[in-house]
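Residue numbers (UniProt numbering), protein chains in the order written: chain A, 1 to 421; chain B, 1 to 351.
Backbone N, C-alpha and C fix where the C-beta goes; we use that ideal spot for every residue, glycine too.
No experiment lies behind these values; they were computed from the predicted model shown.
All remarks here apply to the structure that follows.
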């Protein structure tokens, strides 16, 4: 492809499961090729031909986005940057090898020349001691993605002290609540925060962030409107405080990692937390709920979340009524994904009129049966009702249901496990 | 020690209500790891003064299941948690992580179809390794995975225990959450069922991200040659010991180091073990004797890998070992049939 595309401006290999067979794709760019503006190979795991890359970057003077993969070292990064000070977005390679003092100084100098840089990614395995090399670049940064760098709270705090203009921040929960306090203190313009868990499946270690970190951010960042937060504990009161501080949420995705976990102080369901979110945040478009939730949460959602377009629900609800509230109340709903909830056929069918105006519905591990799905399919012929059954499950159960509108009829490329009713 | 342990197990099982038993057995969940309970894991062992059938002092209050995380309990529970550094105990008692309907007790509904069968079949049919779980990450930013053609959501335990039913009950409250009583019974045996059911596709993190993070810590080890970020604590159990220990695998760089550390850690238990060999208290266990015990015919060091298989320690390179080891077990060589044929032969010779 590269060889044929003479005027390629963007080569952007997105995040997905790539089977990276290596190869010398970089060498395929002929020497006369200078038009590349975006080059993203961060998700390739193999080593690359650095010389070819260096020459490529050197001659593509319009390049504004360069995202390297982990095989690129700090020293190599410095060599690239020296030839590309115009970069606006940089994804570093690995940020962890041993540097000599001179190498460090050169790196810092190369970075400080990048006056246009507003986005920084990568920083894999970032070692705290090298982060100061980034300080000169940080002043202009609006997006900092540290979600692959397991930083400690003090390391993050020092870095953020240099990032007053930050609007978007992605971090790992290794920064803990103290790190998030630093966010609140240093980044008043913050609009988006994503906190990912460093050890999502690890039962043995409890670290990470709690409600305290989220609250701290909300006090310092009133403009916050997008949040994705993975934590292991939360309270209703904290969420109420958060949305009081930040009423402009458009995307509120809270993942309390233990399914069905209640308010850890009061032991109550988290109904009031999400109630507060939907009542206060009138602009809410996307909501992901978690924790122990009864139908009350969904009553709130149906009643207040009038702008809601996407809703994700897992391990929640008490009965069909919950889903019925949502289907009846959220007029702008487009995407609904549900797993492991006690919603059955009545709930499924309550949305009969609605599914055609939605993009899709997904329900898995709920109480929906094949008969319910058949009924839906029969009543609404313009919907594709696809059922995926699991091995060994009851014949009558519809383990996974995917419903979407289609004028093209049932899909023909489905694997045999997918039944279109 | 062992008989007491068994007693606790059995009694707990007998107390479990039938629905719970059904739930448990069908889910096929063993508790893999035990807090050999009823005993020392709570400070205030006699706080409740309740005795069970065997006359063991049961700290019902401490074992009472409540939903919440350690350190965040009501004050009276604080003292009860004082033993546990990591405070993991409570967390482990709590969550019915099995998302199948029969264990959604948090929502005490009646309309839940008790899919006991399903729960079981889900577990049975879906034993995923960690890497596979978080799905076939095709989804852009969806908080949990979209199906398309190949998402497979099942409930699976990280490694479904093959140890057999003798094990433990994970406190899966099959009834609605109102009743704490029968859970207490279950939890007597397993107030720290440390093996939470790991749920496929949960937490909803893209597989790309988890893969990257795993490689990240791996790379750190290789690059730095010293412990990577975080620690790698795994539980170590020893047959006959009343409680488990934990070791940080990242503290060691060879099997020899690990072995010595374990010897030191468990020396106190093997002192008592002499009784099992028919020479009650007469022998004084020196370290060398302990070494013989561990290296020789008496014990075999085994580990459970990511797939849930019990393997003999020592076959693979150290780095590979610490990546796949989830927990360790010092098994009596008699129990380690098939794992350590050499040890078996040796012990036969000694007999």
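With fewer than 16 other beta carbons inside 10 angstroms of its own, residue 129 (chain A) counts as exposed. Nearest in C-alpha terms to residue 172 (chain A), of all of A:96, A:183, A:147, is A:147. Ranked by Cα distance from residue 278 (chain A), the first of A:305, A:261, A:210, A:252 is A:305. Residue contact with chain B for residue 257 (chain A): present (Cβ-Cβ distance below 9 angstroms to some residue of chain B). Residue 294 (chain A) and residue 271 (chain A) have their C-alpha atoms spaced approximately 7 angstroms apart. Chain B has a Cβ within less than 9 angstroms of the Cβ of residue 196 (chain A). Under the DSSP assignment, residue 322 (chain B) falls outside any beta strand (DSSP E), being part of the alpha helix (DSSP H) whose first and last residues are 318 to 324. Around the beta carbon of residue 187 (chain A), a 10 Å sphere encloses 16 or more other beta carbons of the protein chains shown; the residue is thus reported as buried.
Residue-level contact check: residue 236 (chain A) does not touch chain B, since none of the beta carbons of chain B fall below 9 angstroms from its beta carbon.
Identification of chain B residues near residue 230 (chain A) by a Cβ-Cβ cut-off of 8 angstroms yields 203, 205, ordered along the chain. In this structure, DSSP gives residue 323 (chain A) a helical state, which the three-state scheme calls helix.
In the three-state scheme derived from DSSP, where H, G and I count as helix and E and B as strand, residue 68 (chain A) is classed as coil. DSSP lists no beta-bridge partner residue for residue 208 (chain B). The C-beta of residue 210 (chain B) comes closer than 9 angstroms to at least one C-beta of chain A. Setting aside the 5 residues that flank it on each side, residue 184 (chain A) is surrounded in the same chain by 216, 217, 219, 220, 221, each with a C-beta closer than 7 angstroms to its C-beta; the list follows chain order. Cβ neighbours of residue 79 (chain A) within its own chain (closer than 7 angstroms, five residues either side excluded): 54. Residue 28 (chain A) has its alpha-carbon roughly 43 angstroms from the corresponding atom of residue 202 (chain A).
Look at residue 158 (chain A) here: in three-state DSSP terms it is helix. For residue 199 (chain B), the neighbours in chain A by C-beta distance under 7 angstroms run, in chain order, 259. The straight-line gap separating the alpha-carbon atoms of residue 238 (chain A) and residue 199 (chain A) is approximately 23 angstroms. Less than 9 angstroms divides the Cβ of residue 175 (chain A) from the Cβ of residue 156 (chain A).
Residue 47 (chain A) sits exposed, since fewer than 16 C-beta atoms from the chains shown fall within 10 Å of its C-beta.
The beta-carbon of residue 374 (chain A) is placed no less than 9 angstroms from the nearest beta-carbon of chain B. Ranked by Cα distance from residue 230 (chain A), the first of A:224, A:311, A:254 is A:254.
C-alpha of residue 268 (chain B) to C-alpha of residue 255 (chain B): approximately 21 angstroms in a straight line. Looking at the DSSP output, residue 300 (chain B) bridges to B:331. For residue 104 (chain A), the uninterrupted alpha helix (DSSP H) run begins and ends at 101 to 112, by DSSP. Runs of the beta strand (DSSP E) lying entirely within the segment 184 to 226 of chain A, each at least 3 residues long, are 192 to 196 in chain order. Nearest CB-CB separation between residue 201 (chain A) and chain B: below the 9 angstroms threshold.
Beta bridge pairing from DSSP links residue 386 (chain A) with A:402, A:420.
Residue 298 (chain A): member of the alpha helix (DSSP H) spanning 295 to 304, first to last residue. Across the structure, residue 199 (chain B) and residue 234 (chain A) are spaced so that their CA atoms are roughly 20 angstroms apart. Closer than 9 angstroms to the CB of residue 339 (chain A) there is at least one CB belonging to chain B.
In terms of CA proximity to residue 59 (chain A), A:85 leads the group A:121, A:85, A:70.
Residue pairing from DSSP leaves residue 130 (chain A) without any beta-bridge partner. Secondary structure in the segment 42 to 101 of chain A: the beta strand (DSSP E) runs of 3 residues or longer, each lying completely within the stretch, are 65 to 67, 89 to 91 in chain order.
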